[in-house]
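Residue numbers (our numbering): 4 to 717.
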């Protein structure tokens with residue numbers, strides 16, 4: 004059956020039979036073939052020919068075995084020539100972050116001390132006996148941080164991240180992964196941090212799996228058997244005194260029958276080794292998964308664990324540095340000497356400025372004093388921004404106390420030293436000097452509102468609401484003539500200055516405030532004019548002994564005409580030709596009504612005496628003649644009876660409006676005239692185009708000096 008199968012496979016000649024290898028025909032099968040086809044009569048010659056053929060077969064078989072051996076290293080299968088070397092290097096390594104353990108322990112202790120200091124900071128707010136313990140904890144924390152940072156930890160961390168040996172190990176793991184597993188490196192799905200101990204464990208497990216695999220598929224035993232067969236053949240040839248086996252058939256064909264046994268044993272050994280090398284694929288059960296885990300753990304450790312550890316410690320170094328910077332200033336208590344000096348100089352300036360205002364009188368001696376005071380005030384003019392300087396210095400002190408000495412917020416004496424009359428909210432002191440709004444009870448920085456002299460604070464939102472409420476009739480909020488408002492705190496009769504209100508409220512509410520002040524000025528002006536006219540009329544009635552009817556007439560008509568003149572004069576800047584047209588004549592509109600009132604008054608006066616005659620004689624004008632209706636006529640008539648044609652706005656009203664303008668630095672100069680702060684235009688004034696101004700320079704000139712004086716002192 005074996006012969007039939009070989010014949011079917013194409014082995015039909017002697018040459019084809021000789022080329023059979025152990026893959027297709029085992030040694031046992033070849034022996035059976037020799038016994039089946041050997042001729043006993045020609046056995047010696049056949050043995051010689053078999054020995055010769057066997058010698059050639061051994062050479063071919065030895066070449067196949069040699070080729071198979073190249074795939075095995077020292078008789079063992081090999082995944083990669085460098086794999087064992089990389090694993091051995093990893094097992095000999097030390098933990099690269101072990102040197103950072105001391106710093107990690109120190110920073111953990113320092114964090115705990117920082118938490119304890121925070122607890123003590125809260126405790127001293129209510130228990131002053133813990134202040135010494137707090138101070139000692141702060142000193143210990145600062146000393147510990149300095150000691151932890153003194154070892155050059157930042158340099159160590161940077162050196163560890165840039166270590167070339169670590170980088171080479173990671174590169175080796177990447178290359179082995181790609182060459183052994185024939186796949187790209189993929190460890191992105193790993194979430195859990197890998198420790199150095201875990202890396203060593205997985206590497207050791209991979210090494211043990213490799214050794215078991217190599218032992219399982221090792222060919223060292225078969226190779227030893229082959230080498231023993233070769234040694235036996237070599238001894239036999241030497242014993243017989245023949246040439247080496249390679250030329251045995253050429254020089255000693257008659258002696259080959261004596262070493263047939265050794266040749267057969269060598270052939271069997273080579274075939275057995277060849278079978279061991281080629282019969283089973285060792286990669287079928289190679290420990291690839293163990294190798295994958297070992298390489299992945301090494302890559303994860305050096306690229307993630309070490310990097311994250313170093314990054315975390317670098318963050319800890321930064322945190323400790325910040326903590327040190329925060330607590331070193333706390334080693335010294337807040338120094339209020341600078342703020343005290345600023346407040347002292349500020350009070351000196353206020354006193355000097357007040358003395359200058361009090362010295363403004365007609366007394367020559369007081370005028371001289373005022374000049375001296377003025378010079379002294381000029382010497383400290385560099386303190387114009389003292390409020391900002393005081394606030395900045397106070398803010399620094401409060402911020403320092405809040406972070407390091409919170410118990411000072413309960414010290415009324417210390418708070419009064421820095422100019423705070425009651426407890427400030429420490430959690431917002433870093434924003435500046437803060438206060439509670441007496442209306443909405445929310446906390447705001449003081450630059451977002453205004454306060455009365457006693458420090459009752461009102462935020463800008465509540466101030467705006469109060470101004471809007473004051474524009475309505477019968478409002479519960481009263482805005483005074485200078486734009487100020489009364490404090491809303493019960494039993495507080497102080498006011499919030501109009502200048503402070505104007506600087507806090509938005510533009511729309513500022514316009515409402517201006518309208519309210521203008522109404523006050525108009526009402527006060529009307530009352531002043533009424534009083535002035537009343538006095539003039541009383542004098543005229545006393546002189547001419549007229550009755551109640553004349554008195555009533557003069558009060559109603561003459562006063563209304565004068566008020567109408569004053570109002571129209573105030574509206575004159577707004578009645579420009581582009582609004583009312585070129586033909587509009589405001590003088591005729593005013594004087595015609597005023598002339599009629601004067602004419603009627605004089606006619607009544609003429610019924611009893613010489614007033615009409617005296618007016619006509621002194622002026623040369625017949626007031627009963629409708630032809631004389633110009634302004635000069637009215638002015639002469641008013642002068643005759645001692646009545647002013649118009650009454651200027653009181654100086655204190657002008658100063659109040661200027662003070663409001665000072666509170667709004669964006670209010671232009673021409674707005675003073677638009678809001679009736681400046682007197683009426685001088686006679687002969689001509690309108691000029693002027694960028695950014697309603698009035699020309701000819702009009703502002705006579706009053707500029709007074710405005711500048713008010714701006715400087717007000």
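Note that CB positions come from ideal geometry on N, CA and C, so glycine has one too.
message: Whole angstroms are fine: how far does the CA of residue 119 sit from the CA of residue 3?
response: No information on residue 3 is available, as it lies outside the stretch 4 to 717 that the chain covers here.
message: Give me the residue from 480, 489, 470 and 494 with the minimum Cα distance to residue 505.
response: 470
message: I need the straight-line Cα distance from residue 489 to residue 139, nearest angstrom please.
response: 50 Å
message: Can you tell me whether residue 142 is buried or exposed? The criterion is at least 16 other CB atoms within 10 Å of its CB, across all chains shown.
response: exposed
- prompt: Which residue's Cα is closest to the Cα of residue 419: 403, 440, 406 and 397?
  reply: 397
query: For the alpha helix (DSSP H) that residue 176 lies in, which residues bound it at each end?
result: 167-184
task: Go through its chain and collect everything with a Cβ distance to residue 124's Cβ below 7 Å, but skip five positions before and after it.
output: 137 and 409
task: Give the DSSP-derived three-state secondary structure of residue 314 in the structure shown.
output: helix
- prompt: Exposed or buried, what is residue 293 when buried is set at 16 or more other beta-carbons lying within 10 Å of its beta-carbon?
  reply: buried
- request: Would you mind working out which of 176, 231, 164 and 288 sits nearest residue 218, comparing C-alpha positions?
  value: 288
- request: Use the C-beta contact count for residue 443: other C-beta atoms within 10 angstroms, 16 or more gives buried, fewer gives exposed.
  value: exposed
field: Beta-carbon spacing of residue 516, residue 480 below 8 Å
entry: no
- request: Look at the alpha carbon of residue 478 and the alpha carbon of residue 491, and state the distance between them as a whole number of angstroms.
  value: 14 Å
task: Using three-state DSSP, classify residue 461 as helix, strand or coil.
output: strand
field: CA nearest to the CA of residue 158, picked from 197, 406, 106 and 171
entry: 106
query: How should residue 405 be labelled, buried or exposed, when 16 other C-beta atoms within 10 angstroms of its C-beta is the threshold for buried?
result: buried
- prompt: Going straight from the alpha carbon of residue 486 to that of residue 518, what length do you get?
  reply: 10 Å
- request: Please report the residue range of the beta strand (DSSP E) in which residue 478 lies.
  value: No beta strand (DSSP E) contains residue 478, which DSSP labels as neither H nor E.
Cutoff 6 Å; reference residue 421; Cβ partners in own chain excluding five residues on either side: 339, 342, 397 and 400
- prompt: Does the beta-carbon distance from residue 302 to residue 190 come in below 8 Å?
  reply: yes
- request: Provide the residue span of the alpha helix (DSSP H) that contains residue 486, from first to last.
  value: Per DSSP, residue 486 belongs to no alpha helix (DSSP H) and is neither H nor E.
message: Just to confirm the assignment, what range does the alpha helix (DSSP H) spanning residue 506 have?
response: 501-507
- prompt: Does the distance from the CB of residue 3 to the CB of residue 184 come in under 8 Å?
  reply: Given a span of 4 to 717 for the chain in the structure shown, any question on residue 3 remains unanswerable.
message: Considering only DSSP beta bridges, list what residue 498 is partnered with.
response: 489
field: Beta-carbon contacts of residue 2 that lie in its chain and below 6 Å, excluding the five residues immediately before and after
entry: Absent from the structure is residue 2, since the part of the chain shown begins at 4 and ends at 717.
- prompt: Can we say the stretch 494-502 touches the stretch 533-540, given the rule of at least three CB pairs closer than 8 Å?
  reply: no
Residue 453 (DSSP reduced to helix, strand or coil): strand
Neighbourhood of residue 336 by C-beta, 7 Å cutoff - its chain only, sequence neighbours within 5 removed: 408
- request: Kindly give me the distance between the Cβ atoms of residue 196 and residue 295, rounded to whole angstroms, as I take these residues to be in contact under 8 Å.
  value: Not quite, the Cβ-Cβ distance comes to about 19 Å (not below 8 Å), so this is no contact.
message: Tell me which residues share the same chain as residue 198 and place their Cβ nearer than 8 Å to its Cβ, disregarding the 5 neighbours each side in the sequence.
response: 304 and 308
- prompt: For residue 1, which three-state DSSP category applies?
  reply: Because the chain here runs from 4 to 717, residue 1 falls outside it and cannot be looked at.
field: With 16 other Cβ atoms within 10 Å as the buried cut-off, status of residue 127
entry: buried
- prompt: Who are the near neighbours of residue 466 in its chain, counting only those whose CB is closer than 7 Å to its CB and skipping five residues on each side?
  reply: 452, 453, 504, 507 and 508
task: Could you please give the first and the last residue of the uninterrupted alpha helix (DSSP H) stretch that includes residue 97?
output: From DSSP, residue 97 is part of no alpha helix (DSSP H); its letter is neither H nor E.
- prompt: residue 160 and residue 327 look like a contact to me (Cβ under 8 Å); what is the Cβ gap, rounded to whole Å?
  reply: Between residue 327 and residue 160 the Cβ distance is about 18 Å, and since that is not below 8 Å, they are no contact.
message: I believe residue 321 touches residue 100 by the beta-carbon criterion, under 8 Å. Please report the beta-carbon distance rounded to the nearest angstrom.
response: Residue 321 to residue 100, Cβ: 18 Å. No contact.
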